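Residue numbering for the sequence shown follows the numbering used here, beginning at 96 and increasing consecutively.
C-beta atoms are modelled at their ideal positions from N, C-alpha and C, and glycine is treated no differently.
Note that the structure is predicted; figures quoted are calculated from it, not measured.
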Amino acid sequence: MPARTGRWRGLRLDLWGVALALLALVVFLLHGFGGALSRDLALYAYAGQQAADGVAPYVAVLNRAGPLAHLVPAVGVLGARAVGADELTGMRVLFMVLSIACVWVLYLLGRDVYRSRLAGATSAVALLAFEGFVLYATGGPREKTTMVLLVTLALLATTRSRWATAGALTALATLTWQPALFLGAAAALGGTLALDRSRWFRDLVRFALGGIAVSVGCIVVFWVWGALDELYEGFVGINSSYTDQPGILESLRVEPTIITEGFGWTTWLVVVGLGLLALVSLLWLVPAVRRRDLAEPSLMAVAAGGVGSALWSLRAFNGWGDLMVFLPVAALGFGGLVALTRRVLLPRRPRLADGLVLALITGGILVSVVTALTTRVDTLDQQRADVEAVFALVPDDATVVSIGAPQPLVLTGRTNPFRHQMFLTGLTDYVDDTWPGGIEGFVDDVEAAQPTFITMDHPTWYPFINDEIAQHYTMIGASDQFYWYVRNDVGEEKIAELQAALDYTPAG
(Lines of atoms letter the chains of each structure in order from A and count residues from 1; the text may use other names and numbers.)
(Lines give C-alpha, C1' and ligand atoms only; values in the text may rest on other atoms or scores of the structure.)
Protein backbone atom coordinates (compact mmCIF):
# COMPACT_ATOMS: atom_id res chain seq x y z
CA MET A 1 0.00 0.00 0.00
CA PRO A 2 1.42 3.44 -0.87
CA ALA A 3 2.91 5.71 1.74
CA ARG A 4 0.82 8.44 3.26
CA THR A 5 0.24 11.35 0.90
CA GLY A 6 -2.08 13.51 3.00
CA ARG A 7 -4.97 12.81 0.61
CA TRP A 8 -8.03 10.72 1.24
CA ARG A 9 -7.05 7.27 0.06
CA GLY A 10 -9.24 4.28 -0.50
CA LEU A 11 -12.01 6.18 -2.26
CA ARG A 12 -12.44 3.19 -4.52
CA LEU A 13 -14.60 0.52 -2.95
CA ASP A 14 -12.49 -1.91 -0.95
CA LEU A 15 -14.33 -5.24 -0.98
CA TRP A 16 -12.67 -6.25 2.28
CA GLY A 17 -14.60 -3.47 3.96
CA VAL A 18 -17.82 -4.65 2.34
CA ALA A 19 -17.20 -8.20 3.55
CA LEU A 20 -16.54 -7.03 7.09
CA ALA A 21 -19.68 -4.90 7.05
CA LEU A 22 -21.69 -7.95 6.00
CA LEU A 23 -20.05 -9.96 8.77
CA ALA A 24 -21.07 -7.28 11.26
CA LEU A 25 -24.64 -7.39 9.94
CA VAL A 26 -24.77 -11.15 10.50
CA VAL A 27 -23.37 -10.85 14.03
CA PHE A 28 -25.82 -8.13 14.97
CA LEU A 29 -28.81 -9.98 13.53
CA LEU A 30 -27.77 -13.06 15.49
CA HIS A 31 -27.77 -10.91 18.61
CA GLY A 32 -31.25 -9.61 17.85
CA PHE A 33 -33.17 -6.53 18.95
CA GLY A 34 -34.77 -7.94 22.10
CA GLY A 35 -32.41 -6.54 24.72
CA ALA A 36 -33.95 -5.03 27.83
CA LEU A 37 -34.85 -1.35 27.72
CA SER A 38 -32.88 -0.08 30.72
CA ARG A 39 -33.18 3.33 32.34
CA ASP A 40 -30.44 5.00 30.32
CA LEU A 41 -31.47 3.41 27.03
CA ALA A 42 -35.07 4.46 27.64
CA LEU A 43 -33.93 8.00 28.42
CA TYR A 44 -32.22 8.34 25.04
CA ALA A 45 -35.14 6.67 23.27
CA TYR A 46 -37.57 9.07 24.95
CA ALA A 47 -35.31 12.01 24.09
CA GLY A 48 -35.30 10.85 20.46
CA GLN A 49 -39.10 10.67 20.38
CA GLN A 50 -39.40 14.16 21.80
CA ALA A 51 -36.83 15.57 19.37
CA ALA A 52 -38.71 13.90 16.51
CA ASP A 53 -41.79 15.78 17.74
CA GLY A 54 -39.86 19.04 17.34
CA VAL A 55 -38.91 19.65 20.98
CA ALA A 56 -35.32 20.80 21.42
CA PRO A 57 -32.88 18.61 23.36
CA TYR A 58 -32.79 19.42 27.09
CA VAL A 59 -36.21 21.08 26.87
CA ALA A 60 -38.29 17.89 26.84
CA VAL A 61 -35.95 15.90 29.09
CA LEU A 62 -32.88 17.03 30.97
CA ASN A 63 -29.80 14.98 30.17
CA ARG A 64 -26.10 15.65 30.68
CA ALA A 65 -24.82 14.11 27.44
CA GLY A 66 -24.51 16.11 24.22
CA PRO A 67 -27.44 17.20 22.06
CA LEU A 68 -26.66 14.59 19.39
CA ALA A 69 -27.51 11.98 22.02
CA HIS A 70 -31.09 13.26 21.56
CA LEU A 71 -31.04 14.07 17.86
CA VAL A 72 -29.52 10.89 16.40
CA PRO A 73 -32.20 8.59 17.89
CA ALA A 74 -34.78 11.03 16.48
CA VAL A 75 -33.65 10.01 13.00
CA GLY A 76 -34.62 6.43 13.80
CA VAL A 77 -37.99 7.58 15.14
CA LEU A 78 -38.73 9.59 12.01
CA GLY A 79 -37.70 6.67 9.81
CA ALA A 80 -39.99 4.33 11.72
CA ARG A 81 -42.88 6.75 11.47
CA ALA A 82 -42.33 7.12 7.74
CA VAL A 83 -42.77 3.39 7.15
CA GLY A 84 -45.27 2.73 9.94
CA ALA A 85 -42.87 0.68 12.06
CA ASP A 86 -42.33 0.54 15.80
CA GLU A 87 -40.34 3.57 16.97
CA LEU A 88 -37.97 1.74 19.31
CA THR A 89 -37.25 -0.83 16.61
CA GLY A 90 -36.54 2.02 14.21
CA MET A 91 -33.99 3.46 16.62
CA ARG A 92 -32.33 0.10 17.17
CA VAL A 93 -32.07 -0.59 13.45
CA LEU A 94 -30.47 2.84 12.97
CA PHE A 95 -27.91 2.15 15.68
CA MET A 96 -27.15 -1.22 14.13
CA VAL A 97 -26.36 0.59 10.88
CA LEU A 98 -24.10 3.00 12.78
CA SER A 99 -22.35 0.04 14.40
CA ILE A 100 -21.79 -1.59 11.00
CA ALA A 101 -20.26 1.69 9.86
CA CYS A 102 -17.96 1.60 12.91
CA VAL A 103 -16.62 -1.79 11.82
CA TRP A 104 -16.10 -0.65 8.23
CA VAL A 105 -14.34 2.58 9.17
CA LEU A 106 -12.14 0.82 11.69
CA TYR A 107 -11.03 -1.55 8.95
CA LEU A 108 -10.00 1.43 6.84
CA LEU A 109 -8.17 2.99 9.78
CA GLY A 110 -6.27 -0.20 10.62
CA ARG A 111 -5.48 -0.81 6.96
CA ASP A 112 -4.02 2.67 6.55
CA VAL A 113 -2.09 2.81 9.82
CA TYR A 114 -0.43 -0.59 9.31
CA ARG A 115 -0.52 -0.60 5.48
CA SER A 116 -2.11 -4.03 5.57
CA ARG A 117 -5.59 -5.28 4.79
CA LEU A 118 -5.03 -8.18 7.16
CA ALA A 119 -4.22 -5.76 9.98
CA GLY A 120 -7.30 -3.71 9.13
CA ALA A 121 -9.50 -6.81 9.07
CA THR A 122 -8.09 -7.98 12.40
CA SER A 123 -8.85 -4.59 13.95
CA ALA A 124 -12.42 -4.67 12.65
CA VAL A 125 -13.02 -8.23 13.87
CA ALA A 126 -11.59 -7.33 17.28
CA LEU A 127 -14.18 -4.57 17.60
CA LEU A 128 -16.91 -7.11 16.83
CA ALA A 129 -15.55 -9.40 19.54
CA PHE A 130 -16.06 -6.81 22.31
CA GLU A 131 -19.29 -7.78 24.06
CA GLY A 132 -20.33 -4.27 25.09
CA PHE A 133 -20.11 -3.05 21.51
CA VAL A 134 -22.46 -5.81 20.33
CA LEU A 135 -24.89 -5.19 23.21
CA TYR A 136 -25.34 -1.54 22.24
CA ALA A 137 -25.35 -2.24 18.50
CA THR A 138 -28.86 -3.71 18.53
CA GLY A 139 -29.90 -3.01 22.12
CA GLY A 140 -29.77 0.78 22.14
CA PRO A 141 -30.18 3.56 21.53
CA ARG A 142 -27.13 4.73 23.42
CA GLU A 143 -25.02 7.79 22.60
CA LYS A 144 -21.80 5.78 22.98
CA THR A 145 -22.41 4.02 19.64
CA THR A 146 -22.62 7.32 17.77
CA MET A 147 -19.55 8.53 19.65
CA VAL A 148 -17.50 5.46 18.65
CA LEU A 149 -18.30 6.04 14.98
CA LEU A 150 -17.42 9.73 15.14
CA VAL A 151 -14.13 9.28 17.03
CA THR A 152 -13.10 6.51 14.63
CA LEU A 153 -13.83 8.81 11.71
CA ALA A 154 -11.89 11.57 13.49
CA LEU A 155 -8.90 9.24 13.89
CA LEU A 156 -9.12 8.30 10.22
CA ALA A 157 -9.15 11.98 9.23
CA THR A 158 -6.22 12.66 11.58
CA THR A 159 -4.10 9.86 10.12
CA ARG A 160 -4.78 11.31 6.66
CA SER A 161 -3.84 14.85 7.74
CA ARG A 162 -7.34 16.19 7.13
CA TRP A 163 -7.09 18.46 10.13
CA ALA A 164 -10.20 20.60 9.69
CA THR A 165 -12.26 17.48 9.07
CA ALA A 166 -10.75 15.82 12.13
CA GLY A 167 -11.62 18.88 14.21
CA ALA A 168 -15.20 18.91 12.93
CA LEU A 169 -15.64 15.19 13.64
CA THR A 170 -14.14 15.58 17.11
CA ALA A 171 -16.61 18.38 17.81
CA LEU A 172 -19.49 16.20 16.65
CA ALA A 173 -18.25 13.38 18.88
CA THR A 174 -18.04 15.82 21.78
CA LEU A 175 -21.58 17.03 21.04
CA THR A 176 -22.59 13.40 21.47
CA TRP A 177 -20.57 12.60 24.62
CA GLN A 178 -18.32 15.28 26.07
CA PRO A 179 -15.27 13.16 27.08
CA ALA A 180 -14.71 12.27 23.40
CA LEU A 181 -12.97 15.65 23.19
CA PHE A 182 -9.97 14.29 25.08
CA LEU A 183 -9.40 11.46 22.60
CA GLY A 184 -9.80 13.66 19.54
CA ALA A 185 -7.67 16.53 20.83
CA ALA A 186 -4.88 14.25 22.07
CA ALA A 187 -4.87 12.37 18.76
CA ALA A 188 -4.59 15.64 16.85
CA LEU A 189 -1.68 16.76 19.01
CA GLY A 190 0.10 13.43 18.64
CA GLY A 191 -0.61 13.36 14.92
CA THR A 192 0.72 16.82 14.19
CA LEU A 193 3.96 16.04 16.01
CA ALA A 194 4.42 12.63 14.41
CA LEU A 195 3.39 13.40 10.83
CA ASP A 196 5.02 16.78 10.14
CA ARG A 197 6.48 18.73 13.04
CA SER A 198 7.31 21.68 10.84
CA ARG A 199 3.59 22.39 10.38
CA TRP A 200 2.28 21.34 13.79
CA PHE A 201 0.97 24.79 14.74
CA ARG A 202 -0.79 25.37 11.42
CA ASP A 203 -2.31 21.90 11.53
CA LEU A 204 -3.60 22.38 15.07
CA VAL A 205 -5.14 25.70 14.04
CA ARG A 206 -6.97 23.93 11.22
CA PHE A 207 -8.12 21.27 13.66
CA ALA A 208 -9.40 23.94 16.04
CA LEU A 209 -11.15 25.86 13.27
CA GLY A 210 -12.97 22.71 12.14
CA GLY A 211 -14.18 22.13 15.67
CA ILE A 212 -15.15 25.76 16.17
CA ALA A 213 -17.18 25.78 12.96
CA VAL A 214 -19.28 22.83 14.11
CA SER A 215 -19.67 24.28 17.60
CA VAL A 216 -20.82 27.64 16.27
CA GLY A 217 -23.27 25.86 13.98
CA CYS A 218 -24.71 24.04 16.98
CA ILE A 219 -25.07 27.30 18.91
CA VAL A 220 -26.86 28.95 15.99
CA VAL A 221 -29.28 26.03 15.67
CA PHE A 222 -30.18 26.21 19.37
CA TRP A 223 -30.48 29.98 19.21
CA VAL A 224 -32.99 29.66 16.37
CA TRP A 225 -34.72 26.88 18.30
CA GLY A 226 -35.00 29.20 21.30
CA ALA A 227 -33.18 26.77 23.56
CA LEU A 228 -29.70 28.28 23.93
CA ASP A 229 -29.95 28.52 27.73
CA GLU A 230 -31.03 24.88 27.93
CA LEU A 231 -28.08 23.87 25.73
CA TYR A 232 -25.60 25.54 28.07
CA GLU A 233 -27.35 24.18 31.14
CA GLY A 234 -27.43 20.54 29.99
CA PHE A 235 -24.17 20.40 28.06
CA VAL A 236 -21.91 22.51 30.30
CA GLY A 237 -23.48 24.00 33.41
CA ILE A 238 -24.73 20.92 35.23
CA ASN A 239 -21.61 18.93 34.39
CA SER A 240 -19.29 21.62 35.71
CA SER A 241 -21.22 22.50 38.88
CA TYR A 242 -23.26 19.48 39.97
CA THR A 243 -22.06 16.24 38.42
CA ASP A 244 -20.09 14.17 40.90
CA GLN A 245 -18.50 11.03 39.45
CA PRO A 246 -15.57 8.90 40.66
CA GLY A 247 -12.64 7.99 38.47
CA ILE A 248 -12.13 4.52 37.05
CA LEU A 249 -9.82 3.38 39.86
CA GLU A 250 -12.28 4.40 42.56
CA SER A 251 -15.18 2.90 40.60
CA LEU A 252 -13.37 -0.43 40.30
CA ARG A 253 -12.53 -0.38 44.01
CA VAL A 254 -16.14 0.21 45.03
CA GLU A 255 -17.69 -2.05 42.37
CA PRO A 256 -15.17 -4.48 40.82
CA THR A 257 -17.74 -5.74 38.28
CA ILE A 258 -18.54 -2.28 36.91
CA ILE A 259 -16.93 -3.16 33.56
CA THR A 260 -17.45 -6.91 33.34
CA GLU A 261 -21.22 -6.53 33.75
CA GLY A 262 -21.27 -5.10 30.24
CA PHE A 263 -18.22 -6.67 28.61
CA GLY A 264 -18.05 -10.02 30.39
CA TRP A 265 -14.82 -11.92 29.80
CA THR A 266 -14.11 -9.79 26.73
CA THR A 267 -13.06 -7.06 29.16
CA TRP A 268 -9.71 -8.81 29.03
CA LEU A 269 -9.67 -8.53 25.24
CA VAL A 270 -10.02 -4.77 25.61
CA VAL A 271 -7.18 -4.70 28.14
CA VAL A 272 -4.97 -6.87 25.92
CA GLY A 273 -5.76 -4.70 22.90
CA LEU A 274 -4.75 -1.54 24.75
CA GLY A 275 -1.57 -3.23 25.93
CA LEU A 276 -0.73 -4.35 22.40
CA LEU A 277 -1.20 -0.84 21.04
CA ALA A 278 1.07 0.54 23.74
CA LEU A 279 3.70 -2.11 22.91
CA VAL A 280 3.58 -1.51 19.16
CA SER A 281 3.73 2.26 19.67
CA LEU A 282 6.78 1.98 21.90
CA LEU A 283 8.48 -0.37 19.46
CA TRP A 284 7.79 2.07 16.63
CA LEU A 285 9.88 4.61 18.53
CA VAL A 286 12.91 2.28 18.24
CA PRO A 287 14.68 3.19 14.96
CA ALA A 288 15.71 -0.40 14.17
CA VAL A 289 12.11 -1.59 14.48
CA ARG A 290 10.67 1.42 12.67
CA ARG A 291 12.89 0.67 9.68
CA ARG A 292 11.07 -2.65 9.34
CA ASP A 293 8.03 -0.69 8.24
CA LEU A 294 6.00 -1.60 11.32
CA ALA A 295 3.42 1.15 10.89
CA GLU A 296 2.77 4.66 9.63
CA PRO A 297 3.77 7.60 11.87
CA SER A 298 0.03 8.15 12.27
CA LEU A 299 0.11 5.26 14.75
CA MET A 300 1.25 7.82 17.29
CA ALA A 301 -1.94 9.82 16.78
CA VAL A 302 -4.00 6.76 17.73
CA ALA A 303 -1.80 6.05 20.75
CA ALA A 304 -2.02 9.67 21.90
CA GLY A 305 -5.80 9.50 21.62
CA GLY A 306 -5.83 6.47 23.90
CA VAL A 307 -3.69 8.33 26.44
CA GLY A 308 -6.07 11.28 26.35
CA SER A 309 -9.06 9.05 27.08
CA ALA A 310 -7.17 7.26 29.86
CA LEU A 311 -6.35 10.53 31.60
CA TRP A 312 -10.00 11.58 31.55
CA SER A 313 -11.12 8.18 32.86
CA LEU A 314 -8.92 8.71 35.90
CA ARG A 315 -11.07 11.76 36.56
CA ALA A 316 -14.56 10.38 35.80
CA PHE A 317 -15.92 6.93 35.00
CA ASN A 318 -19.62 6.25 35.38
CA GLY A 319 -20.11 2.67 34.20
CA TRP A 320 -19.08 0.09 31.65
CA GLY A 321 -20.47 2.21 28.82
CA ASP A 322 -17.69 4.73 29.44
CA LEU A 323 -15.19 2.10 28.29
CA MET A 324 -16.65 2.37 24.79
CA VAL A 325 -14.38 5.30 23.94
CA PHE A 326 -11.39 2.96 24.23
CA LEU A 327 -12.73 0.34 21.84
CA PRO A 328 -11.38 1.72 18.53
CA VAL A 329 -7.94 2.13 20.11
CA ALA A 330 -7.99 -1.32 21.71
CA ALA A 331 -9.14 -2.94 18.45
CA LEU A 332 -6.23 -1.31 16.62
CA GLY A 333 -3.90 -2.98 19.10
CA PHE A 334 -4.79 -6.34 17.57
CA GLY A 335 -4.08 -4.89 14.13
CA GLY A 336 -0.69 -3.91 15.50
CA LEU A 337 -0.10 -7.50 16.58
CA VAL A 338 -0.56 -8.54 12.95
CA ALA A 339 1.98 -5.97 11.74
CA LEU A 340 4.39 -6.96 14.51
CA THR A 341 4.11 -10.65 13.64
CA ARG A 342 4.54 -10.25 9.89
CA ARG A 343 7.24 -7.57 9.82
CA VAL A 344 9.25 -7.96 13.01
CA LEU A 345 8.78 -11.41 14.57
CA LEU A 346 8.42 -13.56 11.44
CA PRO A 347 9.51 -11.43 8.47
CA ARG A 348 11.24 -14.36 6.75
CA ARG A 349 8.44 -16.84 7.29
CA PRO A 350 5.47 -15.14 5.61
CA ARG A 351 3.37 -18.28 5.29
CA LEU A 352 3.62 -19.04 8.99
CA ALA A 353 2.94 -15.40 9.86
CA ASP A 354 -0.12 -15.22 7.61
CA GLY A 355 -1.36 -18.54 8.96
CA LEU A 356 -1.18 -17.20 12.51
CA VAL A 357 -2.95 -14.02 11.44
CA LEU A 358 -5.74 -15.91 9.73
CA ALA A 359 -6.13 -18.04 12.86
CA LEU A 360 -6.40 -14.85 14.89
CA ILE A 361 -9.08 -13.45 12.58
CA THR A 362 -10.98 -16.73 12.59
CA GLY A 363 -10.86 -16.81 16.37
CA GLY A 364 -12.17 -13.26 16.53
CA ILE A 365 -15.06 -14.12 14.24
CA LEU A 366 -15.95 -17.15 16.37
CA VAL A 367 -15.82 -15.06 19.54
CA SER A 368 -18.11 -12.42 18.02
CA VAL A 369 -20.64 -15.02 16.85
CA VAL A 370 -20.63 -16.88 20.16
CA THR A 371 -20.93 -13.59 22.06
CA ALA A 372 -23.89 -12.54 19.94
CA LEU A 373 -25.68 -15.84 20.49
CA THR A 374 -24.94 -16.21 24.20
CA THR A 375 -26.00 -12.64 25.02
CA ARG A 376 -29.15 -12.74 22.90
CA VAL A 377 -32.25 -12.17 25.04
CA ASP A 378 -35.90 -11.33 24.47
CA THR A 379 -36.45 -9.27 27.62
CA LEU A 380 -37.98 -6.44 25.63
CA ASP A 381 -40.92 -8.69 24.69
CA GLN A 382 -41.84 -9.11 28.35
CA GLN A 383 -41.43 -5.40 29.00
CA ARG A 384 -43.78 -4.66 26.10
CA ALA A 385 -46.27 -7.25 27.35
CA ASP A 386 -46.28 -5.74 30.84
CA VAL A 387 -46.82 -2.21 29.53
CA GLU A 388 -49.62 -3.33 27.21
CA ALA A 389 -51.31 -5.31 29.99
CA VAL A 390 -51.24 -2.37 32.40
CA PHE A 391 -52.50 0.27 30.00
CA ALA A 392 -55.24 -2.03 28.69
CA LEU A 393 -56.83 -1.72 32.15
CA VAL A 394 -56.87 2.08 32.42
CA PRO A 395 -58.39 4.89 30.33
CA ASP A 396 -56.48 6.06 27.26
CA ASP A 397 -55.65 9.36 28.97
CA ALA A 398 -53.79 7.66 31.85
CA THR A 399 -50.58 9.52 32.67
CA VAL A 400 -47.15 8.50 33.92
CA VAL A 401 -44.46 10.30 35.90
CA SER A 402 -41.06 8.71 35.48
CA ILE A 403 -38.59 8.77 38.34
CA GLY A 404 -35.66 7.09 36.65
CA ALA A 405 -37.93 4.78 34.63
CA PRO A 406 -38.93 6.16 31.20
CA GLN A 407 -39.70 2.71 29.71
CA PRO A 408 -43.53 3.02 29.75
CA LEU A 409 -43.24 6.47 28.19
CA VAL A 410 -41.18 5.10 25.31
CA LEU A 411 -43.31 2.03 24.71
CA THR A 412 -46.62 3.94 24.75
CA GLY A 413 -45.54 7.23 23.18
CA ARG A 414 -46.61 9.21 26.24
CA THR A 415 -44.99 12.41 27.47
CA ASN A 416 -43.64 12.96 30.97
CA PRO A 417 -45.20 16.05 32.64
CA PHE A 418 -41.74 17.21 33.78
CA ARG A 419 -38.39 17.50 32.06
CA HIS A 420 -36.70 15.99 35.12
CA GLN A 421 -36.51 12.19 35.22
CA MET A 422 -32.93 11.66 36.35
CA PHE A 423 -31.90 12.48 39.94
CA LEU A 424 -28.59 10.68 40.52
CA THR A 425 -24.93 11.84 40.70
CA GLY A 426 -25.75 15.41 41.66
CA LEU A 427 -29.02 15.96 39.78
CA THR A 428 -31.15 15.93 42.94
CA ASP A 429 -29.06 18.86 44.19
CA TYR A 430 -29.56 20.61 40.87
CA VAL A 431 -33.35 20.22 41.06
CA ASP A 432 -33.28 21.37 44.67
CA ASP A 433 -31.39 24.52 43.67
CA THR A 434 -33.36 25.42 40.54
CA TRP A 435 -36.93 24.15 40.88
CA PRO A 436 -39.37 26.61 42.52
CA GLY A 437 -39.58 25.43 46.11
CA GLY A 438 -36.66 23.06 45.68
CA ILE A 439 -37.00 19.29 45.59
CA GLU A 440 -40.02 19.55 47.92
CA GLY A 441 -41.64 21.91 45.44
CA PHE A 442 -41.01 19.37 42.70
CA VAL A 443 -42.76 16.67 44.73
CA ASP A 444 -45.65 19.06 45.36
CA ASP A 445 -45.96 19.58 41.62
CA VAL A 446 -45.98 15.82 41.06
CA GLU A 447 -48.87 15.58 43.50
CA ALA A 448 -50.68 18.44 41.77
CA ALA A 449 -50.31 16.64 38.42
CA GLN A 450 -51.97 13.55 39.92
CA PRO A 451 -50.40 11.08 37.48
CA THR A 452 -52.11 7.72 37.18
CA PHE A 453 -48.78 5.93 37.53
CA ILE A 454 -45.35 6.64 38.97
CA THR A 455 -42.57 4.39 37.72
CA MET A 456 -39.17 4.05 39.39
CA ASP A 457 -36.05 2.07 38.61
CA HIS A 458 -34.86 1.76 42.23
CA PRO A 459 -37.33 2.94 44.89
CA THR A 460 -34.64 3.20 47.58
CA TRP A 461 -32.65 5.70 45.51
CA TYR A 462 -35.23 8.50 45.68
CA PRO A 463 -36.20 9.10 49.33
CA PHE A 464 -37.49 12.59 48.53
CA ILE A 465 -40.66 11.15 46.97
CA ASN A 466 -41.26 8.23 49.36
CA ASP A 467 -43.84 10.08 51.49
CA GLU A 468 -45.83 11.08 48.40
CA ILE A 469 -45.95 7.48 47.20
CA ALA A 470 -46.80 6.11 50.66
CA GLN A 471 -49.77 8.49 50.99
CA HIS A 472 -51.30 8.37 47.54
CA TYR A 473 -49.97 5.33 45.63
CA THR A 474 -49.88 1.55 45.82
CA MET A 475 -47.29 -0.76 44.28
CA ILE A 476 -48.83 -2.95 41.60
CA GLY A 477 -45.71 -4.87 40.64
CA ALA A 478 -42.38 -4.84 38.89
CA SER A 479 -41.32 -5.23 35.30
CA ASP A 480 -37.77 -5.95 34.26
CA GLN A 481 -35.72 -2.82 35.17
CA PHE A 482 -38.50 -0.82 36.91
CA TYR A 483 -41.37 -0.75 39.43
CA TRP A 484 -44.97 0.41 39.04
CA TYR A 485 -47.12 2.47 41.44
CA VAL A 486 -50.75 3.39 40.75
CA ARG A 487 -52.77 6.16 42.34
CA ASN A 488 -55.04 4.93 45.13
CA ASP A 489 -58.10 6.72 43.83
CA VAL A 490 -58.40 4.31 40.88
CA GLY A 491 -60.09 2.04 43.41
CA GLU A 492 -59.26 -1.23 45.14
CA GLU A 493 -60.82 -3.36 42.41
CA LYS A 494 -58.72 -1.73 39.68
CA ILE A 495 -55.59 -1.99 41.82
CA ALA A 496 -56.21 -5.72 42.21
CA GLU A 497 -56.65 -6.10 38.44
CA LEU A 498 -53.40 -4.25 37.78
CA GLN A 499 -51.52 -6.34 40.31
CA ALA A 500 -52.88 -9.48 38.70
CA ALA A 501 -51.77 -8.24 35.28
CA LEU A 502 -48.22 -7.94 36.59
CA ASP A 503 -48.48 -11.17 38.60
CA TYR A 504 -47.80 -9.30 41.84
CA THR A 505 -49.05 -10.32 45.26
CA PRO A 506 -48.69 -7.67 48.00
CA ALA A 507 -46.78 -8.79 51.04
CA GLY A 508 -49.01 -9.90 53.92
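Report yes if the C-beta distance between residue i and residue j is below 8 Å; otherwise report no.
i           : j           : result
residue 395 : residue 285 : yes
residue 230 : residue 470 : yes
residue 527 : residue 534 : yes
residue 240 : residue 190 : yes
residue 247 : residue 204 : yes
residue 186 : residue 162 : no
residue 361 : residue 224 : yes
residue 463 : residue 550 : no
residue 368 : residue 426 : yes
residue 141 : residue 333 : no
residue 434 : residue 218 : no
residue 560 : residue 581 : no
residue 198 : residue 116 : yes
residue 399 : residue 303 : no
residue 129 : residue 472 : yes
residue 244 : residue 200 : yes
residue 576 : residue 131 : yes
residue 122 : residue 514 : no
residue 277 : residue 422 : no
residue 272 : residue 151 : no
residue 499 : residue 562 : no
residue 196 : residue 184 : no
residue 265 : residue 306 : yes
Would you mind reading off the limits of the beta strand (DSSP E) that contains residue i?
i           : result
residue 569 : 568-574
residue 550 : 548-551
Have a look at the DSSP bridge pairing and note the partners of residue i.
i           : result
residue 582 : 568
residue 497 : 550
residue 577 : 574
Just curious, the alpha helix (DSSP H) that residue i is in, first and last residue?
i           : result
residue 393 : Neither: residue 393 is in no alpha helix (DSSP H) and is coded neither H nor E.
residue 597 : It is not in any alpha helix (DSSP H) - residue 597 carries neither H nor E in the DSSP assignment.
residue 376 : 362-379
residue 382 : 382-385
residue 417 : Neither: residue 417 is in no alpha helix (DSSP H) and is coded neither H nor E.
residue 111 : 110-126
residue 352 : Taken as a continuous stretch (DSSP letters only), residue 352 belongs to no alpha helix (DSSP H), as it is neither H nor E.
residue 271 : Neither: residue 271 is in no alpha helix (DSSP H) and is coded neither H nor E.
residue 133 : Looking at the DSSP string, residue 133 is not in any alpha helix (DSSP H), and its letter there is neither H nor E.
residue 342 : First-last for residue 342: undefined, no H or E at that position.
residue 513 : No alpha helix (DSSP H) contains residue 513, which DSSP labels as neither H nor E.
residue 483 : 474-486
residue 555 : Per DSSP, residue 555 belongs to no alpha helix (DSSP H) and is neither H nor E.
residue 560 : That residue, residue 560, is in no alpha helix (DSSP H); it is neither H nor E in DSSP.
residue 172 : 163-178
For residue i, tell me which candidate among the options has the shortest Cα-Cα distance.
i           : options            : result
residue 159 : 523, 328, 291, 306 : 328
residue 481 : 222, 123, 598, 518 : 598
residue 295 : 283, 305, 236, 352 : 283
residue 391 : 129, 290, 436, 593 : 290
residue 275 : 485, 411, 567, 459 : 411
residue 279 : 261, 288, 287, 292 : 261
residue 522 : 384, 442, 211, 157 : 157
residue 467 : 477, 423, 309, 357 : 357
residue 484 : 462, 404, 572      : 572
residue 512 : 145, 113, 450      : 145
residue 308 : 259, 343, 337      : 259
residue 596 : 602, 150, 353, 574 : 574
residue 605 : 345, 171, 428      : The shown model of the chain, from 96 to 603, leaves out residue 605, and the question about it has no answer.
residue 453 : 347, 409, 215, 402 : 215
residue 546 : 434, 584, 166      : 584
residue 139 : 182, 112, 177, 344 : 182
residue 402 : 389, 380, 416, 376 : 376
residue 590 : 407, 489, 554      : 489
residue 310 : 263, 339, 321, 323 : 263
residue 487 : 288, 319, 593      : 593
residue 456 : 351, 127, 137, 221 : 221
residue 492 : 475, 350, 548, 465 : 548
residue 124 : 315, 192, 543, 414 : 192
Should residue i be flagged as near chain D, meaning a C-beta pair shorter than 8 Å?
i           : result
residue 450 : Absent from the structure: chain D. Only one protein chain is present.
So residue i and residue j are supposed to be a Cβ contact under 8 Å. How far apart are they, rounded?
i           : j           : result
residue 506 : residue 495 : Residue 506 to residue 495, Cβ: 10 Å. No contact.
residue 438 : residue 387 : 5 Å
residue 570 : residue 578 : 7 Å
residue 372 : residue 397 : 7 Å
residue 344 : residue 353 : The Cβ separation is near 11 Å, so there is no contact.
residue 478 : residue 502 : 6 Å
residue 416 : residue 237 : 7 Å
residue 339 : residue 510 : About 29 Å separates the two Cβ atoms, so there is no contact after all.
Does the distance between the C-beta of residue i and the nearest non-hydrogen atom of the ligand ZN fall short of 7 Å?
i           : result
residue 384 : The ligand ZN is absent from the structure shown, which contains no ligands of any kind.
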